[in-house]
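Only one structure is covered here, and it is reproduced in the block below.
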Amino acid sequence: MDDRLKLMLLLNSVNANATALAKFLLFGLEPRELWRPSGADAAKEVFSEKTLAKIRAANDGGWAERELERAGELGVRLLTVDDEDYPRELFDLKDAPLVLYWRGNAKKLPNKTKIGVVGTRRMSAYGRDVSKRLGAACAEHDIVLISGGAWGVDGCSQGACCENGGETFAVLGTGADLVYPVTNRKLFEMIAERGALISEFPLGSRGEPWHFPQRNRIVAALSERVVVVEAPLKSGSMITARLALELGREVWAVPGQIYGVNSEGTNRLLYDGAYPYISEEVFLSACGVDIAAPAERGGVKNMEISAEEGLIFKSLAENGTMTIDKLSLTVKMSPADLLKNITLLSAKGIVFMSAPGRYSVKSNL
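Residue numbers for the sequence shown, in the numbering used here: 213 to 577.
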C-alpha cells in the first residue's frame with residue numbers, strides 16, 4: 213500500500229485534516245514515522261499521545277489496508293487532497309478533509325454552476341413545494357445541486373432534481389456505504405446514478421450527532437450559493453449558512469411566516485442581509501441563467517415604450533442581468549434618468565429586480 217495514501221487514511225481515521233497533515237510534513241517527517249517512530253518520535257510534536265496511540269493501534273491491526281480493500285469491493289473511490297479529482301473548492305476550508313469517500317457514477321464535481329440547498333427535516337407543505345420547484349429548476353437549467361441527502365428539504369430537493377434528469381451530490385454525515393435515514397435508500401440510489409454520495413468519514417461510520425455540523429462545511433464550500441428553504445433559528449441549516457458566509461458564498465433565504473418556527477432562521481437571515489429567494493426566475497437570473505427575452509419578441513412590440521425605455525430593454529435583453537452601474541454606462545444615461553425609466557418598465561411588467569441592484573427582462577415577453 214502506498215505510504216502517502218496510508219498516511220492520509222490513518223490521519224483521517226482520527227478526524228485529522230489538511231492542516232494537521234501540513235504540520236506533520238513541515239517537521240520533515242516521513243509517512244512511516246507516524247506509525248513506526250524512529251529516534252525521538254518527532255510525531256509527538258504534532259499529535260497527542262492519545263491520538264498517536266489510536267493511529268498506531270489501527271496500523272498494527274491492518275486497518276488502512278482493510279479499508280482500502282473494502283472500498284474497492286463496494287465501488288467507493290478514495291479521493292485524497294493529492295488527487296486531481298479532489299474538489300478544489302474544499303481548499304477554501306482551513307480544515308479541508310484529507311480523504312473523501314466517493315460513491316457514484318460522477319467521477320468528480322463538474323465544472324458547472326453549483327448551489328447548496330439546505331433546510332429543516334420537518335418541512336411544511338410550503339417548504340416541500342419550494343424544495344421541489346428548486347430541484348426541478350436546477351435540473352432544467354443544468355445547475356448542480358449540493359445537499360445532505362437527509363429527510364425534509366435536502367431529500368425533497370435532491371429527489372426532484374434526480375427525477376427531472378439533473379445532477380446532484382449528497383454530502384453525508386455517515387460512511388458512504390451506509391444509508392441514513394434508511395427510508396432514503398431509493399433516493400441514494402438515484403443520487404449515485406445522477407451524481408455521487410460523498411463522505412469524509414470512514415466506511416461504516418454511524419451518524420454521530422457531531423458528524424452533521426461538520427459535514428455542513430463541505431456543503432457550504434462546494435456551493436457557489438446556498439439556499440436556506442426553511443430553518444429554525446438554532447439548526448444545522450443556520451450553521452451551513454454561517455459557514456457559507458465565512459467562505460464568501462452567497463446566502464439566499466426563502467421568506468416565511470413571521471410566527472412560524474421553521475421560518476425563524478430564514479427570516480433572520482433576510483433581516484441580516486441574505487438575498488431573498490422570491491422566485492425561481494429571480495434566483496436563476498442571479499446564477500447566470502439567461503432568462504431574458506430576445507429584443508424582437510412581439511410582446512414588447514405591442515407595448516408603448518419610449519426611446520429611452522427601448523434602449524434599456526434592448527441592453528438587458530442582449531446582455532442578461534446587469535447592475536445599475538453597468539447599465540448606465542451601456543445606455544449612456546444618467547443614474548436618475550435610468551432609475552426613472554426602469555421604474556416605468558417595471559410597472560409595465562417588462563423589467564424586474566433579479567437581485568439587489570441587478571435587473572433583468574421578464575422571460576415571458
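C-beta atoms are modelled at their ideal positions from N, C-alpha and C, and glycine is treated no differently.
Quick check on the DSSP output: the beta strand (DSSP E) that includes residue i runs from which residue to which?
i, result
"glutamate 462", "462-465"
"alanine 382", "380-383"
"isoleucine 327", "326-330"
"arginine 570", "570-573"
"leucine 310", "Where leucine 310 is concerned, there is no enclosing beta strand (DSSP E), given that its DSSP letter is neither H nor E."
"leucine 321", "Element bounds for leucine 321: n/a, residue is neither H nor E."
Exposed or buried, what is residue i when buried is set at 16 or more other beta-carbons lying within 10 Å of its beta-carbon?
i, result
"leucine 237", "exposed"
"alanine 432", "buried"
"leucine 312", "buried"
"methionine 213", "exposed"
"alanine 505", "Only weak support exists for where alanine 505 lies, its pLDDT of 43 falling under 50; the coordinates are left without a value."
"tyrosine 471", "exposed"
"glycine 460", "exposed"
"proline 299", "buried"
"arginine 278", "exposed"
"leucine 321", "buried"
"arginine 244", "exposed"
"glutamate 508", "Its pLDDT being 40, under 50, glutamate 508 is placed unreliably by the model, and the measurement read from it follows with that caveat. When all chains shown are included, glutamate 508 counts as exposed."
"phenylalanine 381", "buried"
If you check the beta carbons only, do residue i and residue j fall under 9 Å apart?
i, j, result
"valine 441", "valine 330", "yes"
"alanine 388", "phenylalanine 413", "yes"
"lysine 324", "valine 356", "yes"
"threonine 386", "serine 359", "no"
"valine 439", "leucine 346", "yes"
"arginine 406", "alanine 362", "no"
"alanine 456", "glycine 364", "no"
"tryptophan 314", "isoleucine 410", "yes"
"arginine 216", "aspartate 294", "yes"
"alanine 443", "glycine 477", "yes"
"asparagine 317", "alanine 408", "yes"
"leucine 445", "proline 467", "no"
"arginine 570", "methionine 534", "yes"
For residue i, tell me which candidate among the options has the shortest Cα-Cα distance.
i, options, result
"glycine 485", "Phe495, Gly472, Ala465, Tyr471", "Ala465"
"lysine 552", "Pro568, Ser566, Glu530, Ile517", "Ile517"
"alanine 228", "Thr292, Gly274, Glu277", "Thr292"
"alanine 348", "Glu492, Gly532, Ser558, Gly500", "Glu492"
"alanine 519", "Val494, Leu556, Lys538, Arg282", "Leu556"
"leucine 233", "Ala308, Ala559, Ala276", "Ala308"
"serine 449", "Asp341, Asp502, Asp366", "Asp366"
"methionine 220", "Ala276, Leu523, Val494, Arg282", "Ala276"
"tryptophan 422", "Ile451, Leu222, Met335", "Ile451"
"phenylalanine 303", "Leu445, Arg397, Ala230", "Ala230"
"valine 226", "Asp549, Tyr571, Met402, Ser260", "Ser260"
"valine 501", "Ala337, Cys350, Val342, Asn224", "Cys350"
"glutamate 285", "Leu223, Leu415, Ala548", "Leu415"
"lysine 544", "Gly561, Gly378, Glu521, Ile562", "Glu521"
Using a Cβ cut-off of 9 Å (strictly closer), state whether residue i contacts chain B.
i, result
"threonine 395", "This model lacks chain B altogether; it includes just one protein chain."
Can you tell me where the alpha helix (DSSP H) with residue i in it begins and where it stops?
i, result
"arginine 300", "Element bounds for arginine 300: n/a, residue is neither H nor E."
"arginine 248", "Neither: arginine 248 is in no alpha helix (DSSP H) and is coded neither H nor E."
"valine 473", "473-483"
"arginine 278", "275-286"
"serine 435", "No alpha helix (DSSP H) holds serine 435; DSSP gives it neither H nor E."
"serine 449", "448-458"
"tyrosine 165", "Residue numbering for the chain in the displayed model covers 213 to 577; residue 165 lies beyond these limits and cannot be assessed."
"arginine 216", "215-225"
"isoleucine 267", "261-272"
Counting only runs of 4+ residues fully inside the stretch 383-426, write out the alpha helix (DSSP H) ranges in chain order. 397-406
Those runs of the alpha helix (DSSP H) which lie wholly inside the stretch 505-567 and span at least 4 residues: Those alpha helix (DSSP H) runs which fall completely within the stretch 505-567 and span 4+ residues are 510-513, 519-531, 536-543, 547-559.
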